[in-house]
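Input: a single structure, listed below in structure tokens.
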Amino acid sequence: MTKYIIKRLLIGVVTIWALITITFVLIRIMPGSPFEAENLSESAIEQLEDAYGLNEPMWKQYVLYMENLMHGNLGISYTKNVTVNTLIARGFPYTLSVGLISIVVSAAIGIPMGIWMASTKKLAVKNTLLGIATLGVSVPGFVTAILLMMAFGVWIPLFPIVGLMSAASYVLPVAAQSFGQVTSIARLMKTTYSEAVQMDYVIMARAKGLKKSEIIFRHVLKNALIPVVTYLGPAIAFLITGSFVVESIFSIPGIGREFTNAISNRDYTNTFPICRTIE
Numbered sequence: 001m002t003k004y005i006i007k008r009l010l011i012g013v014v015t016i017w018a019l020i021t022i023t024f025v026l027i028r029i030m031p032g033s034p035f036e037a038e039n040l041s042e043s044a045i046e047q048l049e050d051a052y053g054l055n056e057p058m059w060k061q062y063v064l065y066m067e068n069l070m071h072g073n074l075g076i077s078y079t080k081n082v083t084v085n086t087l088i089a090r091g092f093p094y095t096l097s098v099g100l101i102s103i104v105v106s107a108a109i110g111i112p113m114g115i116w117m118a119s120t121k122k123l124a125v126k127n128t129l130l131g132i133a134t135l136g137v138s139v140p141g142f143v144t145a146i147l148l149m150m151a152f153g154v155w156i157p158l159f160p161i162v163g164l165m166s167a168a169s170y171v172l173p174v175a176a177q178s179f180g181q182v183t184s185i186a187r188l189m190k191t192t193y194s195e196a197v198q199m200d201y202v203i204m205a206r207a208k209g210l211k212k213s214e215i216i217f218r219h220v221l222k223n224a225l226i227p228v229v230t231y232l233g234p235a236i237a238f239l240i241t242g243s244f245v246v247e248s249i250f251s252i253p254g255i256g257r258e259f260t261n262a263i264s265n266r267d268y269t270n271t272f273p274i275c276r277t278i279e
């Protein structure tokens, strides 16, 4: 068991290192400079890049970046002139709140929906639920967010569409972020529930005369929920780390929007201290 845990931890460390390295290389081979959006002259841009060390060889930037990263220093945002740690501290509470609500809503709706699909005898109801589930996994998240914004924020203005100023402001972002997860959980729950009710121990429980509710809660759900709980792990990580699309569309000041803005502005983190005075 100890060897397995150590092995999994090592695999996790290597995976994180690979993701950091790939991201570092890709963002820096993008054409352009973080300072081009400031309408500066070529000489001024060169001075800024020299001051921040961006004209150094990429391998040297990478070594210093990893060294700073190991000390918890994520660098400075070139466009906002604050540390990346500060940006994360500002945006993470918004991302966390939307993500936690979304995963609760996804599980609370998706699990009963999957059970309903698996247990209903009405063909029309089953086909309708299957159609919704198929639609949820087929429609991109940004399309869902835009449709919800237009329908309930513009045509029928029931909810705010910008920021998170009140409880009502959470409705549309959470709905947009949860829709795909709800349908995925429902489809998975339908499959696992259908398989669980056909197991021998369920047939034995029925033969013993146990109540239907007791069979479902004590035997069927106990095993049918295992794959769903496994699926919720990555889903929680995805929702809490931020949905780029939803936060950008609804102007939520979370870390997802900061990621998008950083890529658009080529605002890769500062890996060098300013070592010269810019005249």
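Residue numbers (UniProt numbering): 1 to 279.
The beta-carbon is built from N, C-alpha and C at its ideal position, and this holds for glycine as well.
- Within the DSSP bridge table, the entry for THR83 names ILE76 as partners.
- Here ASP267 is buried: its Cβ has 16 or more other Cβ atoms, across all protein chains shown, within 10 Å.
- Taking a contact to require three or more Cβ pairs closer than 8 Å, the region 182-195 and the region 131-140 qualify as touching.
- Per DSSP, reduced to three states, the secondary structure at LYS211 is coil, with no helix or strand assignment.
- Close CB contacts of ILE115 within its chain, under the 7 Å cut and outside five residues either way in sequence, are with MET189 and TYR193 (chain order).
- Sorting GLY209, THR128, GLN198 and ILE103 by C-alpha distance to the C-alpha of SER243 places ILE103 at the top.
- Membership of TRP59 in the alpha helix (DSSP H) is indicated by the continuous run 58-70.
- VAL162 sits in coil when the DSSP states are folded into three classes, being neither helix nor strand.
- A distance below 8 Å separates the beta carbons of VAL98 and TYR170.
- One alpha carbon belongs to VAL143, the other to ALA205, and they sit about 46 Å apart.
- The three-state reading of DSSP puts GLN198 in coil, since its state is none of H, G, I, E or B.
- Taken in chain order, the whole alpha helix (DSSP H) runs of length 4 or more contained in the region 112-200 are 123-138, 141-149 and 171-196.
- THR95 sits close to GLY254, with the two beta carbons spaced by under 8 Å.
- Here SER251 carries a coil assignment [DSSP, helix/strand/coil].
- For PHE238, same chain residues with a beta-carbon under 7 Å away, outside a window of 5 residues either side, do not exist.
- Contact check between the region 220-238 and the region 40-56: fewer than three CB pairs, one atom from each, fall below 8 Å, which does not count as touching.
- Burial check for GLN181: the Cβ neighbour count within 10 Å reaches 16 or more, so the residue is buried.
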